[in-house]
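**Student:** Just so you know, UniProt numbering puts 237 at position 237 of the sequence shown, and the rest follows in order with no gaps. My questions will all concern the structure given below.
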Amino acid sequence: MDYIKKYEKWISNENIDKITKDELMKIKDDKEEIEERFYTDLSFGTAGLRGKMGAGTNRMNKYIISMATQAIAEVIKAEGKKACKKGVVIAYDVRHKSDEFAKRAALVLANNGIKAYLFEGIRPTPELSYAVRRLGTQAGIVVTASHNPKDYNGYKVYWDEGSQILSDIAARVTEKIDEIEDIAKIKRMDEDEALREGLLEIIGKDIDDEYIEKVKELSLRDEIKKDIKIVYTPFNGTGNIPVRRVLDERGFNNVFVVKEQENPDPNFTTIGYPNPEDIKTFEYAIKLGKEKNADLLIANDPDCDRMACMIKDKKGEYIPLNGNQTGAILINYVLEALKEKNEIPSNAVIVKSIVTGDLGKDIAKSYGVHTVETLTGFKNICGKANEFEKTGEYTYLFGYEESIGYVYDTFVRDKDGVIAAMLIVEAAAFYMNKEKTLLDILEDIYNEYGYYSEDLFSLVLEGIEGKERIGRMMENYKKHYLTEIAGAKLTRITDFENQLRRDLLNESEEEIEMKKTNALKFEFDNDSWYAIRPSGTEPKIKIYIYSKGKNKSEAEEIVKKIKENVLDKLHSIK
1 MDYIKKYEKW ISNENIDKIT KDELMKIKDD KEEIEERFYT DLSFGTAGLR
51 GKMGAGTNRM NKYIISMATQ AIAEVIKAEG KKACKKGVVI AYDVRHKSDE
101 FAKRAALVLA NNGIKAYLFE GIRPTPELSY AVRRLGTQAG IVVTASHNPK
151 DYNGYKVYWD EGSQILSDIA ARVTEKIDEI EDIAKIKRMD EDEALREGLL
201 EIIGKDIDDE YIEKVKELSL RDEIKKDIKI VYTPFNGTGN IPVRRVLDER
251 GFNNVFVVKE QENPDPNFTT IGYPNPEDIK TFEYAIKLGK EKNADLLIAN
301 DPDCDRMACM IKDKKGEYIP LNGNQTGAIL INYVLEALKE KNEIPSNAVI
351 VKSIVTGDLG KDIAKSYGVH TVETLTGFKN ICGKANEFEK TGEYTYLFGY
401 EESIGYVYDT FVRDKDGVIA AMLIVEAAAF YMNKEKTLLD ILEDIYNEYG
451 YYSEDLFSLV LEGIEGKERI GRMMENYKKH YLTEIAGAKL TRITDFENQL
501 RRDLLNESEE EIEMKKTNAL KFEFDNDSWY AIRPSGTEPK IKIYIYSKGK
551 NKSEAEEIVK KIKENVLDKL HSIK
């Protein structure tokens with residue numbers, strides 16, 4: 001069905017409400033906008049759903065929420081009566097319509113005879129992961145668009161182990177979505193009836209208290225001075241209460257909150273694009289940090305599954321740590337503390353994504369800890385925690401990826417900005433007692449393991465044409481890649497979509513044991529490498545570059561040369 005017919009079908013559907021139809025009528029003469037909203041259906045994948053809000057099949061709206069939830073209900077019903085009784089726990093963030101979407105999902109489930117546990121208000125995404133395991137539900141849903149701009153929303157699904165669904169469950173949900181003939185006819189149970197029938201239960205404080213206690217139990221060193229000065233910003237999101245509560249109950253009382261970004265604001269008025277990976281988002285935190293002479297600035301994204309930080313240097317300026325650097329510091333801190341206590345398991349493992357740097361891996365190796373790599377996303381990282389729990393092959397300690405996501409331990413099976421915030425504050429305080437900052441610790445790490453440099457950049461290509469060009473870029477790059485950059489020779493190519501790794505030195509080829517994903521990795525004989533992949537949630541192609549050198553300037557120069565060559569190559573593909 002072409003996009004005009006799909007548009008007309010929504011306009012003529014008697015089950016579509018007037019407000020939605022009025023929104024669509026406003027664009028009746030704008031074919032480009034109609035095409036954008038209806039040229040495709042918002043696809044349900046392992047990241048669930050994410051998109052701009054609005055009317056249409058390629059937008060996030062209440063009908064799309066109902067459709068996805070009905071499909072999930074069908075999958076759960078196929079699991080049997082026990083799965084329906086176990087139910088689904090639902091959380092949501094601060095975005096426009098998140099509360100409405102969450103309640104709609106709960107009442108669609110209730111109408112299918114599946115119990116829904118709905119949080120009474122906004123909660124961080126990692127608490128949803130904890131709640132799935134704590135309540136023993138069959139699934140979990142969180143309504144969030146994480147760090148995307150204000151006009152986005154999303155819908156992530158978790159399975160009974162507390163981690164995000166993988167492709168097997170996603171495929172079953174997609175199959176059920178395809179069977180739905182009219183998404184506007186999906187029924188919901190009346191809220192009062194659902195409460196009376198015990199098919200809807202509102203939850204909150206008890207789960208909050210248990211989750212906070214579990215986070216605090218992850219403390220590695222408590223006998224330290226806690227007078228470190230911290231500026232914290234939750235970016236108007238869900239981290240405000242849990243992060244501040246954990247730090248306060250741990251005795252870190254010099255915490256100053258960015259007032260303009262303290263309370264929920266779905267418009268993210270002071271930020272625009274609430275992604276703490278972007279240093280520009282720290283503008284207000286830096287200002288408050290200088291005012292308070294803070295030692296450390298920390299920020300969470302709106303659903304509080306990510307954490308970023310900046311450290312005050314000797315000149316009083318704030319220096320950002322990227323995800324790989326923060327991950328390396330946390331791994332070093334955790335393993336150092338566990339070694340002191342003789343508590344590193346003999347089969348301990350850390351897990352990182354294929355596009356995350358190797359510094360954390362080198363640190364772990366020095367402590368006798370193995371590293372396992374997975375495809376990008378914590379659904380895969382924590383999928384390994386699930387796997388190791390069953391097989392006993394490894395004891396999962398820590399998972400992380402370069403996009404400022406970390407989790408220590410396994411009671412949460414997703415990245416956790418609350419745990420990460422507590423640990424980075426604790427580490428900073430511990431090293432401050434030794435008259436060192438986290439910048440000093442990072443330099444110590446580089447001196448021991450070699451200087452690592454990196455860059456991550458994206459080419460944003462929106463719309464239909466952009467999507468098609470990204471596809472052409474990936475296909476072209478598989479056949480026409482760079483064999484030499486600045487004197488360094490290509491040694492290995494990994495094609496994750498075809499599950500093959502080619503060794504150019506030995507002229508050999510091997511299969512890799514990872515699920516298919518559209519990504520390519522190129523390794524060179526100077527320990528540098530880069531990877532290319534389309535984003536799973538945004539209209540962009542992402543390029544990750546890593547190098548290792550004897551010193552900072554050498555490592556940075558290698559990254560610069562790779563970036564120049566790769567960009568020239570990508571721009572040439574029209």
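Backbone N, C-alpha and C define an ideal beta-carbon position, used for all residues, glycine too.
Would you tell me roughly how many angstroms separate the C-alpha atoms of aspartate 313 and valine 258, rounded to the nearest one?
**Tutor:** Locating residue 313 in the sequence shown gives position 313, counting from the first residue. Locating residue 258 in the sequence shown gives position 258, counting from the first residue. When rounded, the distance between both Cα atoms is 21 Å.
**Student:** With which residues is alanine 348 paired in a DSSP beta bridge?
**Tutor:** Your numbering for residue 348 matches position 348 in the sequence shown. For alanine 348, which the question treats as bridged, DSSP gives the partners Thr395.
**Student:** Please report the distance separating the alpha-carbon of alanine 364 from that of proline 302.
**Tutor:** Numbered from its first residue, the sequence shown carries residue 364 at position 364. Numbered from its first residue, the sequence shown carries residue 302 at position 302. Distance between the alpha carbons of alanine 364 and proline 302: 31 Å.
**Student:** Under three-state DSSP, which class holds leucine 461?
**Tutor:** Translated into the one-based positions of the sequence shown, residue 461 becomes position 461. Coil, per DSSP.
**Student:** Do aspartate 527 and lysine 560 come within 7 Å of each other at the CB atom, strictly closer than that value?
**Tutor:** By one-based count along the sequence shown, residue 560 stands at place 560. By one-based count along the sequence shown, residue 527 stands at place 527. Taking 7 Å as the Cβ cut-off, lysine 560 and aspartate 527 do not qualify as a contacting pair.
**Student:** Would you call aspartate 182 buried or exposed, if buried means 16 or more other Cβ atoms sit within 10 Å of its Cβ?
**Tutor:** Here the question's residue 182 lines up with position 182 in the sequence shown. Flag for aspartate 182 reads exposed.
**Student:** For valine 246, which residues from the same chain have a beta carbon less than 8 Å from its beta carbon, with the 5 sequence-adjacent residues on both sides left out?
**Tutor:** As a position in the sequence shown, residue 246 is number 246, starting the count at 1. Within the same chain, valine 246 has close Cβ partners Ile212, Val215, Lys216, Val418, Ala421, Met422.
**Student:** In three-state DSSP terms, what is valine 334?
**Tutor:** In the sequence shown, residue 334 corresponds to position 334, counting from 1. If DSSP states are grouped into helix, strand and coil, valine 334 belongs with the helices.
**Student:** For the candidate residues Lys85, Arg501, Ala102, Glu484, whose alpha-carbon lies nearest to that of tyrosine 92?
**Tutor:** As a first step, residue 92 must be located in the sequence shown, where it is residue number 92. It is Ala102.
**Student:** Please classify proline 534: is it buried, with 16 or more other beta-carbons within 10 angstroms of its beta-carbon, or exposed?
**Tutor:** Walking along the sequence shown from the start, residue 534 turns up at place 534. So proline 534 counts as buried.
**Student:** Just how far apart, CA to CA, sit leucine 330 and aspartate 190?
**Tutor:** The sequence position of residue 330 within the sequence shown is 330, counting from 1. The sequence position of residue 190 within the sequence shown is 190, counting from 1. In a straight line, the C-alpha of leucine 330 is about 47 Å away from that of aspartate 190.
**Student:** Within the continuous alpha helix (DSSP H) that includes leucine 359, where are the two ends?
**Tutor:** Here residue 359 corresponds to residue number 359 of the sequence shown, with the count starting at 1. Start and end: 359-366.
**Student:** Closer than 7 Å, CB to CB, is lysine 479 near chain C or not?
**Tutor:** Chain labels in this structure do not include chain C; a single protein chain is all it has.
**Student:** In chain order, what are the residue ranges of uninterrupted alpha helix (DSSP H) at least 4 long that sit wholly in the segment 161-224?
**Tutor:** Qualifying alpha helix (DSSP H) stretches, in chain order: 167-178, 191-196, 205-216.
**Student:** Would you decide whether alanine 78 is buried or exposed? Buried here means 16 or more other CB atoms lie within 10 Å of its CB.
**Tutor:** Against the sequence shown, residue 78 aligns to sequence position 78. Alanine 78 comes out exposed.
**Student:** Taking contact to mean at least 3 C-beta pairs separated by less than 8 Å, is the segment 236-243 in contact with the segment 255-270?
**Tutor:** Flag = yes, the segment 236-243 and the segment 255-270 touch.
**Student:** Measure from the alpha carbon of glutamate 465 to the alpha carbon of each residue in Glu36, Gly383, Lys31, then state which is nearest.
**Tutor:** To locate residue 465, count along the sequence shown from 1; it is residue 465. Glutamate 465 has its Cα closest to that of Glu36, out of Glu36, Gly383, Lys31.
**Student:** Kindly give me the distance between the Cβ atoms of alanine 116 and leucine 42, rounded to whole angstroms, as I take these residues to be in contact under 8 Å.
**Tutor:** Against the sequence shown, residue 116 aligns to sequence position 116. Against the sequence shown, residue 42 aligns to sequence position 42. So it is not a contact: roughly 22 Å between Cβ atoms.
**Student:** Using a 10 Å radius around the Cβ and a threshold of 16 neighbouring Cβ atoms, would you call asparagine 380 buried or exposed?
**Tutor:** Working through the sequence shown from its first residue, we reach residue 380 at position 380. Buried.
**Student:** Could you check the C-alpha separation between leucine 438 and alanine 428 for me, to the nearest Å?
**Tutor:** Counted from its first residue, the sequence shown places residue 438 at position 438. Counted from its first residue, the sequence shown places residue 428 at position 428. One C-alpha to the other measures close to 6 Å.
**Student:** In whole angstroms, what separates the C-alpha of phenylalanine 256 from that of alanine 294?
**Tutor:** Start at 1 with the first residue of the sequence shown, and residue 256 comes out as number 256. Start at 1 with the first residue of the sequence shown, and residue 294 comes out as number 294. Rounded to the nearest angstrom, the two C-alpha atoms are 9 Å apart.
**Student:** The beta strand (DSSP E) that contains cysteine 309, what's its start and end?
**Tutor:** Numbered from 1 along the sequence shown, position 309 holds the residue referred to as residue 309. 307-312 is the span of the beta strand (DSSP E), which, as asked, contains cysteine 309.
**Student:** For a test of the three-state rule: what should DSSP assign to phenylalanine 378, helix, strand or coil?
**Tutor:** Taking the sequence shown and counting its residues from 1, the one referred to as residue 378 is at position 378. If DSSP states are grouped into helix, strand and coil, phenylalanine 378 belongs with the helices.
**Student:** Roughly how many angstroms separate the alpha carbons of lysine 292 and glutamate 317, rounded to a whole number?
**Tutor:** On the sequence shown, position 292 is the one that residue 292 refers to. On the sequence shown, position 317 is the one that residue 317 refers to. Roughly 13 Å between the two C-alpha positions.
**Student:** What runs of the beta strand (DSSP E), each 3 residues or longer, lie entirely inside the segment 397-465?
**Tutor:** Runs found: 405-408, 451-460.
**Student:** Report the start-end ranges of each beta strand (DSSP E) in the segment 45-97 that is 3 residues or longer and not cut off at the edges.
**Tutor:** DSSP runs (the beta strand (DSSP E)) wholly in the segment 45-97: 49-52, 88-92.
**Student:** For alanine 337, tell me which candidate among Ser12, Glu426, Pro320 has the shortest Cα-Cα distance.
**Tutor:** One-based indexing of the sequence shown puts residue 337 at position 337. That would be Glu426, whose Cα lies nearest to the Cα of alanine 337.
**Student:** Could you check how far apart the C-beta atoms of residue 608 and alanine 71 are, in whole angstroms? I think they sit under 8 Å.
**Tutor:** This structure does not reach residue 608, given that the chain is present from 1 up to 574, and the question cannot be answered.
**Student:** Given a threshold of 16 other Cβ atoms within 10 Å of its Cβ, counted over all protein chains shown, does lysine 550 qualify as buried or as exposed?
**Tutor:** For this step, residue 550 is matched to residue 550 along the sequence shown. With fewer than 16 Cβ atoms within 10 Å of its Cβ, lysine 550 is classed as exposed.
**Student:** Within the continuous alpha helix (DSSP H) that includes glycine 121, where are the two ends?
**Tutor:** The sequence position of residue 121 within the sequence shown is 121, counting from 1. Element bounds for glycine 121: n/a, residue is neither H nor E.
**Student:** What are the boundary residues of the alpha helix (DSSP H) that includes leucine 247?
**Tutor:** Walking along the sequence shown from the start, residue 247 turns up at place 247. That run of the alpha helix (DSSP H) goes 240-249.
**Student:** Using DSSP's beta-bridge definition, name the partner residues of glutamate 523.
**Tutor:** The sequence position of residue 523 within the sequence shown is 523, counting from 1. DSSP lists Arg492, Trp529 as partners of glutamate 523.
**Student:** Which class does isoleucine 29 belong to by DSSP, given the choice of helix, strand or coil?
**Tutor:** As a position in the sequence shown, residue 29 is number 29, starting the count at 1. One detail in the question is off: residue 29 reads as aspartate in this sequence, not isoleucine. Of the three classes helix, strand and coil, the one that applies to aspartate 29 here is coil, per DSSP.
**Student:** Which word fits glycine 487, buried or exposed, when buried means at least 16 other C-beta atoms lie within 10 angstroms of its C-beta?
**Tutor:** Taking the first residue of the sequence shown as position 1, residue 487 is located at position 487. So glycine 487 counts as exposed.
**Student:** Ordered along the chain, which non-local residues of its own chain (more than five positions away) have a Cβ less than 6 Å from that of asparagine 58?
**Tutor:** Position 58 of the sequence shown, counted from the first residue, corresponds to residue 58. Around asparagine 58: Arg37, Thr40, Leu42.
**Student:** Does DSSP put phenylalanine 256 in a helix, in a strand, or in coil?
**Tutor:** If you number the sequence shown from 1, residue 256 lands on position 256. Strand.
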